Amino acid sequence: MNEQLTEDGRLKHLLTLDGLPARILTQILDTAESFLTVGDKEVKKVPLLRGKAIFNVFFENSTRTRTTFEIAAKRLSADVVNLNIGTSSQSKGETLLDTVANLSAMQADMFVVRHSAAGAAHLIARHVAPHIRVVNAGDGRAAHPTQGLLDMFTLRRFKGGFHTLRVAVVGDVLHSRVARSQIHALTTLGCPEVRVVAPKTLLPRDVESMGVHVFHKMEEGLRDVDAVLMLRLQNERMQGARLPSAGEYYKRWGLTPEKLKFAKPDAIVLHPGPMNRGVEIDSAVADGVQAVILPQVTFGIAVRMAVMSMLAGGQ
Ligand code: CP
87 MNEQLTEDGR LKHLLTLDGL PARILTQILD TAESFLTVGD KEVKKVPLLR GKAIFNVFFE
147 NSTRTRTTFE IAAKRLSADV VNLNIGTSSQ SKGETLLDTV ANLSAMQADM FVVRHSAAGA
207 AHLIARHVAP HIRVVNAGDG RAAHPTQGLL DMFTLRRFKG GFHTLRVAVV GDVLHSRVAR
267 SQIHALTTLG CPEVRVVAPK TLLPRDVESM GVHVFHKMEE GLRDVDAVLM LRLQNERMQG
327 ARLPSAGEYY KRWGLTPEKL KFAKPDAIVL HPGPMNRGVE IDSAVADGVQ AVILPQVTFG
387 IAVRMAVMSM LAGGQ
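With my numbering, letter number 87 in the sequence shown gets 173, and the count goes up by one each step, no holes.
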């Protein structure tokens with residue numbers, strides 16, 4: 087049984103997109119559509135999560151994910167608590183589960199968790215009381231499900247659907263939780279051609295078992311794609327990876343206007359952020375007309391509202 091679903095098939099926790107049925111992914115994307123206009127209203131609020139206590143517990147740095155989860159929770163009228171891990175009792179040796187147990191004693195209804203250890207959100211989900219919901223906001227290199235979902239939302243908004251799409255995921259796939267979530271979502275939603283384009287040293291050994299086509303040259307991997315999903319070079323997760331210098335990486339794998347011309351003329355460019363300009367992406371592309379990087383951030387609010395409302399409402 088999928089630990090993320092209730093016995094009658096509703097979303098209980100969001101921990102990974104691996105194994106989640108297309109029905110649930112589509113329900114999240116459809117629900118997010120209905121929240122997109124909340125941000126345009128004078129009063130940017132709906133009362134769906136009034137009285138619920140949501141704890142943002144980020145053990146790793148974040149700009150986009152933590153902030154948009156907070157905005158999303160506030161737009162749903164929830165009470166939001168941001169635990170500052172730097173000044174929390176973690177520094178005195180408290181365990182992750184003890185921290186969560188204490189926050190649960192403060193009558194938390196939902197935890198949004200980011201952690202450098204793969205499986206941290208799963209561990210929490212297995213230990214909380216049955217009424218508490220857990221959302222994985224990124225665990226190690228394993229999964230970043232709401233990023234994968236907001237990328238799918240962006241693709242659907244700009245390209246209309248998944249069934250005719252040719253998509254390239256480019257860069258440091260090996261260390262990327264985002265890439266894993268994107269690939270699971272794309273294959274589940276029926277994208278017929280998912281490519282990964284990367285140096286051999288930045289690909290997991292078993293990547294083809296995820297249903298992707300592997301390319302080692304930008305010219306071949308980007309040829310006629312509808313969307314380029316760029317990945318950040320994850321310096322903080324490199325442990326002994328054999329890599330050329332940042333300059334050499336940029337020359338071979340950096341997305342420049344010249345390399346983007348291999349894609350379809352109307353191809354869009356996504357990046358989860360934070361970007362390393364001049365390493366994996368050229369500023370002319372990042373700020374160019376084909377980039378949808380800032381719309382991704384805005385869509386992230388609606389997608390996170392959808393996830394939290396489905397979890398809290400048991401839809
Ligand atoms: N995309 C993403 O996870 O960005 P943050 O690390 O800023 O949250």
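We treat Cβ as the ideally placed atom computed from N, Cα and C, and that holds for glycine. Here the structure is a predicted model, which is why all the values come from computation and not from measurement.
Find out if the Cβ-Cβ distance for the pair residue i, residue j is shorter than 8 Å.
i: residue 391; j: residue 114; result: no
i: residue 273; j: residue 280; result: yes
i: residue 152; j: residue 142; result: yes
i: residue 171; j: residue 197; result: no
i: residue 253; j: residue 220; result: no
i: residue 353; j: residue 361; result: no
i: residue 314; j: residue 308; result: yes
i: residue 310; j: residue 284; result: no
i: residue 356; j: residue 387; result: no
i: residue 385; j: residue 244; result: no
i: residue 100; j: residue 231; result: yes
i: residue 124; j: residue 161; result: yes
i: residue 190; j: residue 218; result: yes
i: residue 225; j: residue 194; result: no
i: residue 316; j: residue 367; result: yes
i: residue 235; j: residue 206; result: no
i: residue 135; j: residue 118; result: no
i: residue 229; j: residue 263; result: yes
i: residue 319; j: residue 365; result: yes
i: residue 267; j: residue 106; result: no
Please classify residue i: does DSSP put it in a helix, a strand, or coil?
i: residue 285; result: coil
i: residue 155; result: helix
i: residue 179; result: coil
i: residue 321; result: helix
i: residue 400; result: At residue 400 the pLDDT is 49, less than 50, meaning the model places this residue with poor confidence; the figure from the coordinates comes in the next sentence. Three-state DSSP puts residue 400 in coil, outside helix and strand.
i: residue 224; result: strand
i: residue 365; result: coil
i: residue 384; result: helix
i: residue 188; result: helix
i: residue 124; result: helix
i: residue 329; result: coil
i: residue 134; result: coil
i: residue 392; result: helix
i: residue 108; result: helix
i: residue 349; result: coil
i: residue 229; result: strand
i: residue 309; result: coil
i: residue 240; result: helix
i: residue 193; result: coil
i: residue 204; result: coil
i: residue 215; result: coil
i: residue 117; result: helix
i: residue 173; result: helix
Report the partner residues of residue i according to the DSSP bridge assignment.
i: residue 316; result: 256
i: residue 301; result: 283
i: residue 199; result: 143, 222
i: residue 165; result: 139
i: residue 100; result: 221
i: residue 356; result: 315
i: residue 377; result: 355
i: residue 91; result: 97
i: residue 341; result: 367
Considering only heavy atoms of the ligand MG, does any lie closer than 7 Å to the CB of residue i?
i: residue 392; result: Ligands present in the displayed structure are limited to the ligand CP, and the ligand MG is not among them.
For this session: Pull every residue with its beta-carbon under 7 Å away from any heavy atom of the ligand CP, and keep them in chain order.
Result: With 7 Å as the limit, the residues whose C-beta approaches any heavy atom of the ligand CP more closely are 147, 148, 149, 150, 151, 152, 224, 230, 233, 264, 358, 359, 360, in sequence along the chain.
Problem set entry | Completely contained beta strand (DSSP E) runs for the region 242-294, where each covers 3 or more residues | Within the region 242-294, the complete beta strand (DSSP E) runs of at least 3 residues are 252-256, 279-283.
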